[in-house]
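Data block below; observations after.
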Amino acid sequence: MSEVQELTRLQHEWMDAVKRRDIDFLEQLLGHEFVLITSRPGIETRTRQQYLDVTRDRYTLESFEYVELDVHTYGDFGFARSRYSQRGWMDDKQRNQAFLMTDVWVRRNGRWQVVSRHISPLDAAR
Numbered sequence: 076m077s078e079v080q081e082l083t084r085l086q087h088e089w090m091d092a093v094k095r096r097d098i099d100f101l102e103q104l105l106g107h108e109f110v111l112i113t114s115r116p117g118i119e120t121r122t123r124q125q126y127l128d129v130t131r132d133r134y135t136l137e138s139f140e141y142v143e144l145d146v147h148t149y150g151d152f153g154f155a156r157s158r159y160s161q162r163g164w165m166d167d168k169q170r171n172q173a174f175l176m177t178d179v180w181v182r183r184n185g186r187w188q189v190v191s192r193h194i195s196p197l198d199a200a201r
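Written as structure tokens, this is what we have:
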């Protein structure tokens, strides 16, 4: 399997793990320095622990789709640019939305970990 295929597989496994609330898998996947940049007023960024806590306790992902997924690797560095669509809930608020996302990956000890995700919500009209 090529590095690009491996990261593409991990992108899908990541969101499957979120859907299943598989915190053990996410603990291994997320680098210690992971940060989520959300662009949402008041919660522009989330730390690794905040992301894990929200995923475990407050977020329900019903379905997701990578409408577009463009993955590149350069040695022990990789990134994925995507157009992503989801149906879900955060607490009592529906989170059916599309996003543009950029994920940054590093390979450590032969294993890929994600260290950053930046998401930009798209308007419903897009």
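Quick note on my numbering: the sequence shown kicks off at 76 and runs consecutively.
The beta carbon of each residue, even a glycine, is placed where N, CA and C say it ideally should be.
Does the distance from the CB of Arg192 to the CB of Leu82 come in under 9 Å? No, Cβ-Cβ distance for Arg192 and Leu82 is not below 9 Å.
With 16 other Cβ atoms within 10 Å as the buried cut-off, status of Gly117: Under a 10 Å Cβ-count criterion, Gly117 is classified as exposed, with fewer than 16 other Cβ atoms of the shown protein chains found around its own Cβ.
For Arg201, count neighbouring C-beta atoms within 10 Å of its own C-beta (all shown protein chains included) and say buried if the count is 16 or more, exposed if not. Per-residue confidence for Arg201 stands at a pLDDT of 43, beneath the threshold of 50, marking its modelled position as unreliable; no derived number is given.
Mark Arg115 as exposed unless 16 or more other C-beta atoms lie within 10 angstroms of its C-beta, in which case mark it buried. So Arg115 counts as exposed.
Assign Arg170 to one of three DSSP states: helix, strand, or coil. DSSP places Arg170 in coil when its eight states are reduced to three.
Endpoints, alpha helix (DSSP H) assigned at Arg84: 78-95 is the span of the alpha helix (DSSP H), which, as asked, contains Arg84.
Quick one, are the C-beta atoms of Asp151 and Val181 less than 9 Å apart? For Asp151 and Val181, yes; Cβs fall inside 9 Å.
For Asp145, three-class secondary structure by DSSP: If DSSP states are grouped into helix, strand and coil, Asp145 belongs with the strands.
Which residues bound the beta strand (DSSP E) around Arg133? From DSSP, Arg133 is part of no beta strand (DSSP E); its letter is neither H nor E.
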